[in-house]
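Numbering (our numbering), first residue to last: 799 to 854. Positions of the beta carbon are idealized from the N, C-alpha and C atoms, including for glycine. For clarity, every value in this text was computed on a predicted model and none was experimentally measured. Some notes on the structure that comes next.
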């Protein structure tokens, strides 16, 4: 049985005050921060058939 999980989402381009607010939410809900995942990505929307093997 997996432990309950919950996330807090924040835009990586935000100001430092926004980071502080996010940490305050985490601290209030959980009392500590065990794991931080910085998951940023770029999305390209194209048709797979139009892509070369090098770009896939």
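Give the secondary structure of residue i by DSSP, where H, G and I count as helix, E and B as strand, and everything else as coil.
| i | result |
| --- | --- |
| residue 846 | helix |
| residue 835 | coil |
| residue 815 | helix |
| residue 840 | coil |
| residue 824 | helix |
For residue i and residue j, what's the separation of their Cα atoms in angstroms?
| i | j | result |
| --- | --- | --- |
| residue 814 | residue 822 | 12 Å |
| residue 829 | residue 840 | 32 Å |
| residue 852 | residue 824 | 41 Å |
Nearest to residue i by alpha carbon, out of the options?
| i | options | result |
| --- | --- | --- |
| residue 807 | 816, 843 and 842 | 816 |
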